[in-house]
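Protein chains in written order, with this note's numbering: chain A, 53 to 642; chain B, 52 to 642.
Just so it is clear, CB atoms sit at the ideal spot from N, CA and C, and this is done for glycine as well.
Quantities reported herein were computed from a predicted structural model and do not represent experimental measurements.
The next block holds one structure in the form of C-alpha cells; read it before the comments.
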Amino acid sequence: SAPASQKKKTSATVHCFPRQEIMKWNGWGYSDSKFLFNKKGQAEFTGKRYRLSGMILPSLQDWFENTFGASVKQHKSPPSLNAGALPPANLNEAFLQDLTATGIPFSHEADDRVFRAHGHCLHEIFALREGRGFQRVPDMVTWPNCHNDVVKIVELACKHNVCVIPYGGGTSVTGALECPPEEMRCIVSLDTSQMNRILWIDEKNLVARIEAGIIGQDLERLLNEGGYCTGHEPDSMEFSSLGGWVATRASGMKKNVYGNIEDLVVHIKVVTPRGVMEKSCQGPRMSTGPDVHHFILGSEGTLGVVTEVTMKIRPIPEYRKYGSVVFPNFEAGVACLREVAKQRCAPASIRLMDNEQFQFGHALKPQVSSIFTSFVEGLKKFYITKFKGFDPHQLCVATLLFEGDRERVLQHEKQVYDIAAKFGGLAAGEDNGQRGYILTFVIAYLRDLGLDYYVVAESFETSVPWDRVLDLCRNVKERIIRECKERGVQFQPLTSCRVTQTYDAGACVYFYFAFNYRGLADPVHTYEQVEHAARDEILANGGSLSHHHGVGKLRKEWMKESISDVGLGMLRSVKEYVDPDNIFGNRNLL
Amino acid sequence: MASTTLYSQRDPMLKKRDDFEDILEERRNSSDLKYAVRCYAPVLYKGLTPCKANMLKSMVLQSDHLRYVINQVSQESGEAPDIIHEEASVILEEMAHRLKISTVRFFAFTLTKAFKTLFQHICVNEEGIHRLQQAIQEHPVVLLPSHRSYMDFLLMSYILYTYDLALPVIAAGMDFMGMKFIGEMLRMSGAFFIRRSFGGDKLYWAVFSEYVKTMLRNGFAPIEFFLEGTRSRTCKSLTPKIGLLNIVMEPFFKGEVFDVHLVPISISYERILEESLYARELLGVPKPKESTSGLLKARRILSENYGSIHVYFGQPVSIRSLAQDKVNRCKYNLVPRHIPRKPTKETQSFVTDTAYRIVRLQEDSMVLKPWVLMASILLQNLEGLELSLLTEQTLWLRGLAQSCGAFLDWPDHTPSAKVVSSSLALHRGLVCVSGGRVSLVLGEPQGLVTPEEALFNRAVSVLSCASYRNQILHVFIRPAILAVAIHNAASSKKDEVFNCFSFLCKMFSDEFILCPGDTVQDFEEACYLLVKSGSVQTLQQNIVVTDRGQSTLSFLNGLLESFLQGYQLFSTLVLGNLNMFSDKCPVEGTI
C-alpha cells in the first residue's frame with residue numbers, strides 16, 4: 053500500500069497530491085464547477101471560480117432541447133468509482149524495492165491509478181461514466197520531486213524493464229495517456245505535478261527556468277507576481293502542464309504576440325533511457341544541425357520525460373482590451389481574417405466563430421440583471437439584423453484581444469476595425485469579445501452536461517492553407533451531418549467551427565460536434581466512426597492531422613500518409629536509439 | 052439520396068424500374084399558351100450563390116485559373132497579357148449561354164405544338180423527377196442524357212420546364228452556331244457552344260473548363276452534356292468521351308464542392324426523326340450542314356408519326372461515393388488549386404470507369420419497343436419470313452430479352468398479333484407485308500434504277516433496320532460475345548472460352564460499351580445469363596451448349612455476325628491494300 057507518510061504537500065499550487073480531491077475523476081475540471089439544470093429546469097453553472105459561476109442561464113435549456121432534440125427531463129447520472137472493477141496492479145517487486153529505497157513517493161491506490169489512466173477523449177470519459185473503466189490502467193503512480201528523482205526512476209525502470217508513462221496535466225485529447233492493453237510489464241505513471249517550481253528568473257535575457265510539471269495557471273500567477281508572464285495560454289491552461297505543452301507542441305491563444313511553445317522554449321532538459329539530453333548553451337538560435345529540441349517537441353512521452361525548461365518571459369502588458377466584430381456571414385469573416393494576417397496586424401488573439409457558435413454563445417448569456425441592459429441588447433440586435441440587414445442565421449462573430457501599451461493598442465484596434473469594415477464587419481463591443489474568451493474555459497464543462505442528457509460531444513482541430521479554409525469547414529460539417537445520418541443518429545448533429553489562429557500561410561480551425569445518442573446501440577463507436585470520417589475529410593481537403601492536440605493513439609493510423617514512409621522511419625530510428633527497450637511504452641505517435 | 056451501388060445487380064430480372072407518365076396528355080387537354088406563361092419557380096441548390104449570366108462571365112475572366120493560364124500563354128507567345136485576356140473574353144463571348152426565361156417560354160409553346168403533332172406520347176418516370184428535384188437542392192447536378200437525336204436537349208429542357216425544375220445549361224457543339232437565328236435562340240434557352248476540337252489550345256480549354264466549373268461551384272444551374280460526344284448515328288451507344296466529365300468532377304476532387312451528382316438519363320425514341328438521314332450519312336452521303344433553312348425544309352417530317360418517346364431519369368450517382376477508396380484527394384493538396392494539372396493515372400482511370408458505368412446505366416433504362424425485337428429477327432432473315440413465324444420468333448425473343456433484363460415496353464392485354472401488326476404499320480417505310488410474308492422494303496422496284504442505286508437503297512433499308520436492332524445490343528452483348536467465343540474456341544474448356552471472350556471484348560472495345568478492365572465480370576455475367584436461360588451448362592471447367600440452347604446461341608451468333616464480317620472484311624482490305632491507307636483513319640463502327 054502507499055506510504056501515505058511520504059506524501060508531501062506543496063503549498064504553491066492548487067493541486068495537492070491526490071488531485072481527485074478537487075478535480076472530477078470522471079469529467080472535466082474542478083469538482084465544484086459544473087453545469088446543471090435546476091429544479092425549475094433553468095441552467096446554472098455552479099461554484100465560484102469563473103465569471104459564469106453561480107449564474108442562471110435562462111436560454112440554455114431551449115437551445116439545448118432544440119439543438120439536440122434532447123429533453124432536460126431525461127437525466128442520466130453517472131455511477132461512482134467502483135474500485136473492485138479495476139484490474140489488479142501488476143507490480144514489479146524488484147523495481148518497487150529499489151524505488152522505495154530512493155524515497156520517491158508512489159502509490160498503487162485504485163483512485164490514483166484510475167485518475168491517471170486516461171485523458172479527456174470522449175471514449176475515455178464515457179467509459180468512466182458508464183462505469184466500464186479501462187482494460188488497462190497504470191499499476192502504480194510515482195511523484196518525482198525534481199530532475200534527479202526522474203533520472204533515478206528512469207534508471208530503475210530500465211534496470212527492471214518497467215514501462216513508464218509520463219503524466220502532466222492529464223488534459224490529453226488524443227488517447228495519449230491510455231495504457232496499451234497489450235502491455236504486460238508493470239506500468240508506472242510518472243506524475244510530474246510535484247516538479248512545479250520556477251527555479252530562477254533571468255531578467256537580463258528575459259527567460260525563466262521552470263520545472264516541467266508546473267500547471268499553466270500556476271506558472272502565469274507566479275510569474276505575474278514578479279511582473280512577468282509567458283503569454284502562453286492554451287485553452288487548457290488551467291490544468292495542462294509545461295511538460296505536456298512541450299510533448300504535444302501546444303499552441304496558445306495569444307501566439308500572435310508570444311509565439312507557440314516551440315517559439316517560447318529556449319532550452320529543454322529531458323531524461324531518456326539513454327541518459328539526459330540538453331544543449332550546452334542558451335543561445336537564442338543555433339545552426340548546429342537539425343534542432344534536437346524538435347525531437348522532443350511533439351514526442352508525446354515516447355522518448356523520455358521533460359524535467360526542466362528555459363522559457364521566454366515578457367513584462368505583463370500595460371493595457372489589454374477585448375473587442376468583437378459581427379460579419380454578415382462566415383465567408384466575409386474568413387476574408388477579413390485573411391486580410392488581417394496578410395497585413396500582419398493580427399491582435400494577440402483573433403478568432404472567428406461561425407453562426408452555430410454565435411447562437412450557442414447567446415444561449416450561454418446569463419440572466420440580465422437590469423431592464424436597461426436587456427433594452428440595449430435588444431437595440432443592438434435590432435440594429436444589426438433589421439437596420440444592417442444581417443441574417444441572424446448567417447451572421448458570425450470575431451472576438452479580439454489586444455495587448456500592449458495603451459496608445460498602441462488603440463491604434464492597433466483602429467487598424468483592425470478598419471479592415472473589418474471593408475469586409476462588412478461591424479464592431480460589436482468589448483463585452484461580446486470578452487464573453488467569447490470566457491466561454492473557452494467553460495465550454496469544456498458543457499460536455500459533462502450533455503452526457504447527463506444523452507448528448508455526446510467532442511472537439512477536434514486542424515490547420516489549413518488560407519485558400520482552403522472555407523471549403524474545408526463546409527465539407528467537414530457536411531460530412532459529419534451525413535455520416536451521422538447514415539449511422540442512424542436520429543437528430544441532426546450540431547456541427548460548428550471557428551477559425552481560432554491565423555498564420556501567414558493559413559489558419560487553425562477548431563470544430564465542435566455533438567449529437568443526441570438516444571436510440572444508438574453503441575454511441576461511442578458511432579461517434580468514433582464519425583470523427584474518423586471527419587478526419588479523412590479534413591485530410592482530403594488539405595488540412596493537417598493536427599495543429600496542436602497531437603497524434604496520440606487516436607490519429608496514429610494517418611501518420612504514414614501525413615509524413616511519408618521515410619519521415620516515419622526517421623522518427624522510428626530516433627525512438628530505437630533513444631529507447632531501444634520501449635521503456636516509454638505509451639505507444640503514441642508511431 | 053444517391054445510390055452507391057453501381058452496375059452490380061446479379062439478376063437483371065430483378066431490376067426495379069419506375070412507371071411512366073405521359074406528359075403530352077395534359078398538353079392535349081389544356082391551353083398551350085397558358086402552359087407557356089405559367090408561373091415557373093423551380094427549387095434551387097441550397098448552396099446557390101445567385102448571379103446573373105453576365106456576372107458569371109466576369110467571374111470566369113477574373114478567376115485565378117484563367118489569369119494563370121493567360122500569363123502562361125502570354126509568356127509562351129510573347130503576346131501581352133491584355134491581348135490574351137481580350138482573346139479569352141472573345142472565346143467566352145462566343146461560348147456563353149444567355150439563358151432567358153422568355154425564350155424558354157417561347158420554346159415551351161412551339162415545342163408543345165410540334166410534339167403533339169410528331170409524337171403520340173412523351174413518357175417520363177415521375178419518380179425520377181422527384182429524385183432529381185431532391186438532388187438539385189442538395190448538390191450540384193450534372194445531367195447526362197443519351198444522345199440519339201437533335202431533339203434530345205430541347206426535349207430535356209422541355210421536360211424540366213414542365214416539372215418546374217431548374218433549367219440546365221447545355222454543352223452543345225459549335226455546329227449549331229451556324230444556324231443564325233436558331234443558334235441564338237438555343238443560346239437563350241441555355242445552350243453554350245464549344246468547338247468540336249481544341250486539343251492543343253490551352254487558352255480555349257482554360258476558358259471552357261473554368262466556365263463549366265464556375266457554374267457548377269456556384270450551383271448556377273444543372274449542367275447537361277452528352278457523354279457520347281455526338282449523336283449516335285447507329286442507335287448504339289458510343290464510347291464515352293471523358294473530357295467534360297473530368298471537368299465536372301474536378302471541383303469535387305479539389306474540395307470546392309462537397310459532392311456532385313451525376314444523373315444518367317435514357318431517352319428512347321420509338322422512331323428517330325433522323326432515321327433515314329443517319330443511314331445515308333453512314334453510307335457516306337455528307338451530313339447536311341446545320342442551317343435554319345435546312346430546318347425549315349425538314350418541316351415535312353411534321354406530317355409523319357414518330358410514335359412515342361420514353362425519358363427515364365435514373366438514380367443520381369454521387370461522385371463522392373464512387374470515388375471513395377478510388378481517388379486520393381490528398382493528391383490535390385500540394386499544388387495551388389488554380390494551376391491546371393493533367394489528371395493522374397488514378398484519376399483518369401476513375402473518370403473513364405465512371406463514364407462507362409454511366410453509359411451502361413443509360414443503356415439499361417432504354418425502353419425497347421416490340422419493333423426492336425422484330426428488327427433483330429428480320430435482319431437475320433433478310434430474304435423475309437412468314438408473318439406467323441415472325442410473330443412466334445418475336446415472342447420467343449421477348450422471353451429471352453426479358454430474362455436478360457431488357458426494359459421492354461410490350462403493351463399489356465393486347466394480342467401479340469396486334470402488337471406485331473401495329474409495329475409493322477408504324478415502320479411501313481422500312482418493312483412491307485405481302486402475301487403473309489414480311490420483308491424489308493428494298494427501295495424502288497428493280498429495273499427503274501441502276502444496279503448501284505438499287506444496292507444503295509438496299510443498304511439504306513438494312514442500316515435503318517439495323518439501327519433498331521442495335522437498340523437491343525446492350526442487352527445481349529455479353530452473352531452474344533460468349534456465344535461467339537464458345538463457337539470459336541478450340542475446346543469447351545472454360546479457360547479457352549474465356550481467352551476467346553477476352554480477345555473479342557478487346558476487339559470490340561470501340562464498338563460496344565465494354566468497360567476496360569471489366570472483362571472477368573462481363574464473362575461471369577454472360578455465363579450467368581446463359582446458364583440461367585438454360586442455354587449452356589458448366590461442367591467441370593467446361594462450358595457446354597445444351598440442346599435447347601442451340602437456337603439461343605445461334606441467334607446470339609447471328610447478332611454479331613455482321614459485325615464480325617465487317618471487321619474481317621476491313622482487315623482483309625487493310626492487309627491487302629496497306630498502301631491505300633495513309634493517314635486517313637477509316638470510319639469507326641459503321642455497322
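> Going by Cα to Cα distance, which pick from B:VAL220, B:ASN122, B:MET236, B:GLU576 is closest to B:PHE157?
Replying inline: By 1-based counting over the second sequence, the position of residue 157 of chain B is 106. It is B:MET236 whose Cα lies nearest to the Cα of B:PHE157.
> Where DSSP assigns a beta bridge to B:GLU72, which residues make up the other side?
Replying inline: To locate residue 72 of chain B, count along the second sequence from 1; it is residue 21. DSSP, once it has assigned bridges, lists B:VAL175 as partnering B:GLU72.
> Taking a cut of 8 angstroms between CB atoms, which residues from the region 505-533 of chain A lie near chain B?
Replying inline: ASP519, ARG520, ASP523, LEU524, ARG526, ASN527, GLU530, ARG531
> How many angstroms separate the CA atom of A:SER63 from the CA atom of A:ILE74?
Replying inline: In the first sequence, counting from the first residue as 1, residue 63 of chain A sits at position 11. In the first sequence, counting from the first residue as 1, residue 74 of chain A sits at position 22. Per-residue confidence for A:SER63 stands at a pLDDT of 33, beneath the threshold of 50, marking its modelled position as unreliable; no derived number is given.
> Is there at least one Cβ from chain B nearer than 7 angstroms to A:ASN593's Cβ?
Replying inline: For the purposes of this step, residue 593 of chain A is taken as the residue at position 541 of the first sequence. Closer than 7 angstroms: yes.
> Under 7 angstroms between C-beta atoms, does B:GLY306 make it to chain A?
Replying inline: For the purposes of this step, residue 306 of chain B is taken as the residue at position 255 of the second sequence. True, the Cβ-Cβ gap to chain A drops below 7 angstroms.
>> Closer than 8 angstroms between beta carbons: that is the criterion. Which residues of the region 384-406 of chain B meet it against chain A?
In response: ASN384, PRO387, ARG388
>> When you compare the CB positions of B:PRO367 and B:VAL314, do they come within less than 7 angstroms of one another, or not?
In response: Along the second sequence, one-based indexing puts residue 367 of chain B at 316. Along the second sequence, one-based indexing puts residue 314 of chain B at 263. Contact flag set, yes.
> Does any CB atom of chain A fall closer than 7 angstroms to the CB of B:PHE309?
Replying inline: If you number the second sequence from 1, residue 309 of chain B lands on position 258. For B:PHE309, the answer is yes, since a Cβ of chain A falls inside 7 angstroms of its Cβ.
>> Under 8 angstroms, with one C-beta from each stretch per pair, do the region 130-149 of chain A and the region 88-101 of chain A reach the 3-pair mark?
In response: no
> Exposed or buried, which one is B:LEU417 when buried takes at least 16 other CB atoms within 10 Å?
Replying inline: Counted from its first residue, the second sequence places residue 417 of chain B at position 366. Here the sequence assigns Met to residue 417 of chain B, which means Leu is not the residue at that position. When all chains shown are included, B:MET417 counts as buried.
> Would you report the Cα separation of B:SER200 and B:GLU325, rounded to the nearest angstrom?
Replying inline: On the second sequence, position 149 is the one that residue 200 of chain B refers to. On the second sequence, position 274 is the one that residue 325 of chain B refers to. B:SER200 and B:GLU325: Cα-Cα distance of roughly 7 angstroms.
>> With a threshold of 7 angstroms between beta-carbons, can B:CYS636 be considered close to chain A, or not?
In response: For the purposes of this step, residue 636 of chain B is identified with residue 585 of the second sequence, where counting begins at 1. In this prediction, B:CYS636 scores a pLDDT of 45, lower than 50, which makes its location untrustworthy; the coordinate-derived value is nonetheless stated afterwards. False, the Cβ-Cβ gap to chain A never drops below 7 angstroms.
> Going by Cα to Cα distance, which pick from B:ALA406, B:ILE594, B:TYR519 is closest to B:ALA540?
Replying inline: Locating residue 540 of chain B in the second sequence gives position 489, counting from the first residue. The residue with the shortest Cα to Cα distance from B:ALA540 is B:ILE594.
> Cβ of B:CYS455 less than 7 angstroms from any chain A Cβ?
Replying inline: Working through the second sequence from its first residue, we reach residue 455 of chain B at position 404. It does not; no Cβ of chain A falls within 7 angstroms.
> Exposed or buried, which one is A:TRP252 when buried takes at least 16 other CB atoms within 10 Å?
Replying inline: Translated into positions along the first sequence, residue 252 of chain A becomes position 200. When all chains shown are included, A:TRP252 counts as exposed.
>> Buried or exposed for B:THR100, going by 16 or more other Cβ atoms inside 10 Å?
In response: Counting from 1 along the second sequence, the entry for residue 100 of chain B is found at position 49. B:THR100 comes out exposed.
>> Give me the subset of the region 206-238 of chain B whose CB atoms are less than 9 angstroms from a CB atom of chain A, sorted by chain position.
In response: none
>> Pull the bridge partners of A:ILE320 from the DSSP assignment, please.
In response: The residue you call residue 320 of chain A lines up with position 268 of the first sequence. A:VAL361.
> Are there three or more Cβ pairs, one per stretch, closer than 8 angstroms when the region 394-409 of chain A is compared with the region 570-583 of chain A?
Replying inline: no
>> I need the DSSP call for B:GLU235, collapsed to helix, strand or coil.
In response: Counting from one through the second sequence, the residue named residue 235 of chain B turns up at place 184. Looking at B:GLU235 - three-state DSSP - the assignment turns out to be helix.
> What first and last residue would you give for the alpha helix (DSSP H) that runs through A:GLU88?
Replying inline: Within the first sequence, numbered from 1, the residue matching residue 88 of chain A stands at position 36. Inspection of the sequence shows that residue 88 of chain A is occupied by Leu rather than by Glu. First-last for A:LEU88: 87-89, but that is the beta strand (DSSP E), not the alpha helix (DSSP H).
> Taking 7 angstroms as the CB-CB cut-off, is B:SER380 touching chain A?
Replying inline: Position 329 of the second sequence holds residue 380 of chain B. The sequence given here places Arg at residue 380 of chain B; Ser does not occur at that position. Cβ-Cβ to chain A under 7 angstroms: yes for B:ARG380.
>> Here's a check: name, in chain order, each residue in its chain whose Cβ is nearer than 7 angstroms to the Cβ of B:ARG247, leaving out the five neighbours to either side.
In response: Locating residue 247 of chain B in the second sequence gives position 196, counting from the first residue. If we look at B:ARG247 and ignore the five residues flanking it on each side, its Cβ neighbours are GLY224, MET225.
>> List, from N- to C-terminal side, the alpha helix (DSSP H) runs of 4 residues or more that fit wholly inside the region 198-283 of chain A.
In response: 199-212, 268-277
>> Helix, strand or coil for A:ASN593? Go by DSSP, reduced to three states.
In response: Translated into the one-based positions of the first sequence, residue 593 of chain A becomes position 541. Of the three classes helix, strand and coil, the one that applies to A:ASN593 here is coil, per DSSP.
> Once you ignore the five residues that flank A:THR578 on each side, which residues in its own chain have a CB closer than 6 angstroms to its CB?
Replying inline: Against the first sequence, residue 578 of chain A aligns to sequence position 526. Excluding sequence neighbours, A:THR578 sits near ARG539, LEU572.
> Cα separation between B:ALA457 and B:VAL526?
Replying inline: Taking the second sequence and counting its residues from 1, one reaches residue 457 of chain B at position 406. Taking the second sequence and counting its residues from 1, one reaches residue 526 of chain B at position 475. Distance between the alpha carbons of B:ALA457 and B:VAL526 is about 6 angstroms.
> What do you get for A:MET289, buried or exposed, if any count of 16 or more other CB atoms within 10 angstroms of its CB means buried?
Replying inline: Taking the first sequence and counting its residues from 1, one reaches residue 289 of chain A at position 237. The residue in question, A:MET289, is buried, as its Cβ has 16 or more Cβ neighbours within 10 Å.
> Starting from B:GLU355 and walking both ways along the alpha helix (DSSP H), at which residues does that stretch end?
Replying inline: By 1-based counting over the second sequence, the position of residue 355 of chain B is 304. B:GLU355 -> no alpha helix (DSSP H), and no H or E assigned at all.
>> In the DSSP assignment, the alpha helix (DSSP H) including B:PHE621 goes from what residue to what residue?
In response: As a first step, residue 621 of chain B must be located in the second sequence, where it is residue number 570. Here the alpha helix (DSSP H) through B:PHE621 covers 600-627.
> Between the C-alpha atoms of A:ARG71 and A:GLN246, what's the straight-line distance to the nearest angstrom?
Replying inline: Counting from one through the first sequence, the residue named residue 71 of chain A turns up at place 19. Counting from one through the first sequence, the residue named residue 246 of chain A turns up at place 194. Taking the straight line from one Cα to the other gives about 11 angstroms.
> Does the Cβ of B:VAL299 have 16 or more other Cβ atoms within 10 Å, making it buried, or fewer, making it exposed?
Replying inline: Counting from one through the second sequence, the residue named residue 299 of chain B turns up at place 248. B:VAL299 is buried by the Cβ-count criterion.
> For B:MET146, which residues from the same chain have a beta carbon less than 8 angstroms from its beta carbon, with the 5 sequence-adjacent residues on both sides left out?
Replying inline: Sequence index remark: in the second sequence, residue 146 of chain B carries index 95 (1-based). Hits under 8 angstroms: PHE243, PHE244, ILE245, VAL258, PHE259, TYR262.
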